[in-house]
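Trainee: Got a structure here, written out as structure tokens. Questions coming.
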Amino acid sequence: MRKSGTTVYLYELAWILPSIAIPVGMLAALTVTAFGAGMHLPSVAGRVSPTKVAQTAPFDQPGVVQVGVGRYEVRMTSQIWSFAPNEIRVPAGSTVTFIATSKDVVHGLFIPGANVNAMLLPGQVTRVTARFEKPGEYPLLCHEYCGIAHHTMWARVIVEPRS
Ligand code: CUA
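The following block contains the structure:
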């Protein structure tokens, strides 16, 4: 009598193993980027009336504010086609939280070289935090197409060497 059971052929195995390995690999990549590299979706940090941004704190006074030892807050507005402030100076080793919104259309907030990649939506406050270890100049770019002069919309973060 023939023994009952299932025979798994080699070519079946060749499909089964990757179909398990690929999702497991993706989950591992997700876990590493979320908890190891600190990548996550920016949270909704609040709402602001897009027509009253200039009158609403903290956006009524855009700028850089020191909020602790080595900690800074950038209160930023975006509008076609500029950021305010458009130059941010912090010492090396600072942790900088950007609190930003848009006065008009959807803009982007992207700092290559730092962990900042967010959208600025009218009506919504975006909050992202990054650490700047290395002195240098970091471009801060709008990376959402926002009209004819989108490519001119940029600012910069100047990280100064610690004295
Ligand atoms: Cu603002 Cu593109």
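Each number in the numbering used here comes from the position in the sequence shown (counting from 1) with 24 added on. Ideal Cβ positions, reconstructed from N, Cα and C, are used throughout, including at glycine. If you're wondering where the values come from, they're calculated on a predicted model, not measured in any experiment.
#1: Just to confirm before moving on: does the CB-CB distance between G160 and M143 stay below 7 Å?
#2: Taking the alpha-carbon positions, what's the F59 to G29 distance?
#3: Going by the CB atoms, is the gap between E184 and T109 shorter than 7 Å?
#4: Of all the options Y169, V130, P163, which has the alpha carbon lying nearest to the alpha carbon of P136?
#5: Do you know offhand how far I104's Cα is from A45's?
#6: Since I believe A124 is in contact with T150 (beta carbons under 8 Å), could you give me their beta-carbon distance rounded to a whole number of angstroms?
#7: Do T55 and V77 come within 7 Å of each other at the CB atom, strictly closer than that value?
Mentor: For this structure:
#1: Against the sequence shown, residue 160 aligns to sequence position 136. Against the sequence shown, residue 143 aligns to sequence position 119. It is not a contact, given that the beta carbons lie outside the stated cut-off.
#2: On the sequence shown, residue 59 is found 35 positions in, with the first residue counted as 1. On the sequence shown, residue 29 is found 5 positions in, with the first residue counted as 1. Looking at the two C-alpha atoms, the distance is approximately 43 Å.
#3: On the sequence shown, position 85 is the one that residue 109 refers to. On the sequence shown, position 160 is the one that residue 184 refers to. Inspection of the sequence shows that residue 109 is occupied by Pro rather than by Thr. In this structure, P109 sits away from E184, with a CB-CB distance that is not shorter than 7 Å.
#4: Along the sequence shown, read from residue 1 onward, the residue named residue 136 stands at position 112. When only C-alpha atoms are compared, the closest one is P163.
#5: Stepping through the sequence shown from its first residue, residue 104 is reached at position 80. Stepping through the sequence shown from its first residue, residue 45 is reached at position 21. Each residue's Cα considered, the two are about 46 Å apart.
#6: In the sequence shown, the residue the question calls residue 150 occupies position 126. In the sequence shown, the residue the question calls residue 124 occupies position 100. Indeed they touch by this definition, with Cβ atoms about 5 Å apart.
#7: As a first step, residue 77 must be located in the sequence shown, where it is residue number 53. As a first step, residue 55 must be located in the sequence shown, where it is residue number 31. No, the pair does not count as a contact, with Cβ atoms beyond the cut-off.
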